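Everything below concerns the one structure shown next.
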Amino acid sequence: MGKSYRIGVIPGDGTGPEVVAEGIKALKALSKRWGMDFQFHQFSVGGEQYLKTGILLPDTMLKDLKSMDAIYLGAIGHPDVKPGILEREILLKMRFELDLYINLRPVVLYPGVETPLKGKGVEEIDFVVVRENTEGLYAGGGGVFKKGTPDEVAIQESVNTRKGVERCVRYAFDLCRERGKKKRLTLCGKSNVLMYEGDLWNRVFEEVHRAYPDIETNAMNVDALCMWLIKNPENFDVIVTNNLFGDIITDIGAIIQGGLGIAAGGNIHPGNTSMFEPMGGSAPKYTGQNKINPMAAIVAAQMMIDHLGEGEGAKVVLAAVKTVLKNHLKSLEAGRMGYGTREVGDLVARYIEEP
Ligand code: IPM
Ligand code: MN
10 MGKSYRIGVI PGDGTGPEVV AEGIKALKAL SKRWGMDFQF HQFSVGGEQY
60 LKTGILLPDT MLKDLKSMDA IYLGAIGHPD VKPGILEREI LLKMRFELDL
110 YINLRPVVLY PGVETPLKGK GVEEIDFVVV RENTEGLYAG GGGVFKKGTP
160 DEVAIQESVN TRKGVERCVR YAFDLCRERG KKKRLTLCGK SNVLMYEGDL
210 WNRVFEEVHR AYPDIETNAM NVDALCMWLI KNPENFDVIV TNNLFGDIIT
260 DIGAIIQGGL GIAAGGNIHP GNTSMFEPMG GSAPKYTGQN KINPMAAIVA
310 AQMMIDHLGE GEGAKVVLAA VKTVLKNHLK SLEAGRMGYG TREVGDLVAR
360 YIEEP
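Shown next, in the form of structure tokens:
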């Protein structure tokens with residue numbers, strides 16, 4: 010018998026529950042074959058729950074989530090809830106309160122998946138974005154003055170702490186070394202204009218670099234980096250950046266690896282309860298139709314067990330995902346896969362049980 014893990018599951022809204030079910034199917038297949046045990050604890054959080062009860066993410070629930078080994082989230086978002094409420098009161102609250110200071114977003118083009126980038130293939134698209142996940146413009150600093158008058162002032166402040174920047178940069182250097190690929194870490198900022206935060210990031214980056222002489226580094230402004238990601242994705246190995254720039258460039262990452270049907274991420278506090286999610290939203294128009302692609306959610310589950318220390322199991326899940334992408338799926342788009350949501354999950358589970 011392998012280790013036992015308590016997983017807090019937040020299926021959430023729209024197609025969230027459908028894709029999470031397939032990720033759980035993959036984990037159950039893994040436990041059958043490899044003996045580790047997963048206990049799934051469901052949490053009702055999301056727009057649906059909010060509209061019904063007025064409850065978002067109470068502190069008691071946060072405490073219960075904190076007691077889990079990891080959190081697995083489907084999607085949060087509802088067309089009838091005003092934009093901003095669910096984001097701030099659930100998703101960002103979880104990131105801040107659990108201090109999930111790394112947003113880890115691998116960008117890998119798997120065999121059999123099409124990229125919109127002309128002339129680029131699996132050899133060229135394989136990098137990871139390390140996004141700072143608790144500070145920057147997301148911290149909510151600022152305020153308004155004379156609202157609704159012609160003299161209105163709106164200030165949005167970017168918070169960058171020495172501690173926050175340093176732990177993020179250090180994580181990125183460690184990851185770059187562990188990957189053992191190009192061993193190149195790119196700092197993405199905008200230090201030609203954002204002089205205060207840019208200066209802090211630059212100095213910390215240089216200082217931390219001293220302990221990693223084996224890693225080659227460069228620094229790029231975010232606008233230029235957006236161009237180079239499209240033109241020469243093969244130049245990147247690990248990119249480290251602040252919260253907002255990370256949010257933006259990982260959407261570029263998602264689309265060049267085939268789109269939201271495959272892109273997943275981890276919200277991580279090393280050594281503590283961390284949260285894993287597919288990058289796509291709740292896709293309300295596909296809800297309940299068995300059409301949405303569950304691969305991103307399965308990859309999120311794979312990242313989760315890797316994070317929990319089940320590296321071998323994670324490899325088995327990834328191999329199954331790759332086989333299904335290469336040999337079965339016609340497209341990553343909802344309704345065009347050639348299979349239904351559940352059938353894709355069945356295929357992955359089958360390759361996990363019989364690699
Ligand atoms: C993401 C999302 C969130 C973010 C939104 C939903 C608040 O876009 O995880 O990238 O901006 O971080
Ligand atoms: Mn985003």
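Residue numbers (my numbering): 10 to 364.
Glycine included, every Cβ here is placed at the ideal spot set by N, Cα and C.
Fair warning: this is a prediction, and the values are worked out from it, not measured in the lab.
- Comparing alpha-carbon positions, the option among Ala273, Asp246 and Ser53 lying closest to Glu132 turns out to be Asp246.
- Here Glu363 is not bridged, per DSSP, to any residue.
- Annotation: Gly25 to Ser291 spans about 6 angstroms, alpha carbon to alpha carbon.
- Taking 8 angstroms as the upper bound for CB-CB distance, Gly354 and Ala148 are not in contact here, some 38 angstroms apart.
- DSSP places Glu161 in the coil class of the three-state scheme, outside both helix and strand.
- Contact between Val137 and Leu109 is absent: CB atoms are separated by about 16 angstroms, not below the 8 angstroms threshold.
- Minimum Cα-Cα distance from Glu342 among the listed residues Ala309, Ala328 and Asn299 corresponds to Asn299.
- Spatial neighbours of Gly152 in its own chain (CB-CB distance under 7 angstroms, excluding positions within 5 residues in sequence) are listed in chain order as Ile164.
- In this chain, the beta strand (DSSP E) harbouring Gly151 covers Gly145 to Phe154.
- With contacts defined as CB atoms closer than 8 angstroms, Ile99 and Leu65 qualify as a contacting pair.
- Going by C-alpha positions, Val122 is about 49 angstroms away from Glu161.
- Taking each of Tyr295, Cys185, Pro303 and Met103 in turn and checking the Cα distance to Gly23, the smallest one comes out for Tyr295.
- Apart from the 5 residues on each side of it in sequence, Gly150 sits with its Cβ closer than 6 angstroms to the Cβ of Glu166 and Val168 in its chain, given in chain order.
- Taking the Cα positions, Glu362 is about 26 angstroms away from Gly344.
- With contacts defined by Cβ atoms closer than 8 angstroms, Glu27 and Ile301 form a contacting pair.
- At a cut-off of 7 angstroms, the beta-carbon of Asp256 counts as near the ligand MN: some heavy atom of the ligand is closer than that.
- Residue pairing for Leu82: DSSP places it in a beta bridge opposite Ile19.
- Of the candidates Ser53, Ser200 and Leu60, the residue whose Cα lies closest to the Cα of Thr69 is Ser53.
- Here DSSP, grouped into helix, strand and coil, assigns Ala292 to coil.
- Judged by their CB atoms, Ile248 and Phe182 are not nearer to each other than the 8 angstroms cut-off.
- Contact between Pro287 and Ala309 holds: their C-beta atoms lie close to 5 angstroms from each other, under 8 angstroms.
- Around the beta-carbon of Trp237, fewer than 16 other beta-carbon atoms lie within 10 Å, marking it exposed.
- A straight-line Cα-Cα distance of about 14 angstroms links Pro242 and Gly267.
- Boundaries cannot be given for His337, as no beta strand (DSSP E) includes it and DSSP labels it neither H nor E.
- Asn211 and Gly145 do not touch by the CB rule: their CB atoms are close to 15 angstroms apart, not below 8 angstroms.
- Selection Lys335, Tyr14, Phe49 and Ala84 evaluated against Leu269 yields Ala84 as nearest (Cα-Cα).
- Judged by DSSP secondary structure, Gly198 falls within the beta strand (DSSP E) whose first and last residues are Arg193 to Gly198.
- Judged by DSSP secondary structure, Phe136 falls within the beta strand (DSSP E) whose first and last residues are Asp135 to Glu141.
- In the three-state DSSP reduction, Asp260 falls in the helix class (H, G or I).
- Using a Cβ distance threshold of 8 angstroms, Lys324 and Pro120 do not count as a contacting pair.
- Here the alpha carbon of Gly11 sits roughly 4 angstroms from the alpha carbon of Met45.
- The C-beta of Val202 has fewer than 16 other C-beta atoms within 10 Å across all chains shown, which makes the residue exposed.
- By the CB criterion at 8 angstroms, Ile80 and Met346 fall outside the cutoff.
- With respect to the C-alpha of Ile257, the residue from Leu107, Asn142 and Val29 having the closest C-alpha is Asn142.
- Of Ala228, Thr170 and Arg219, the smallest CA-CA separation from Gly198 is found for Ala228.
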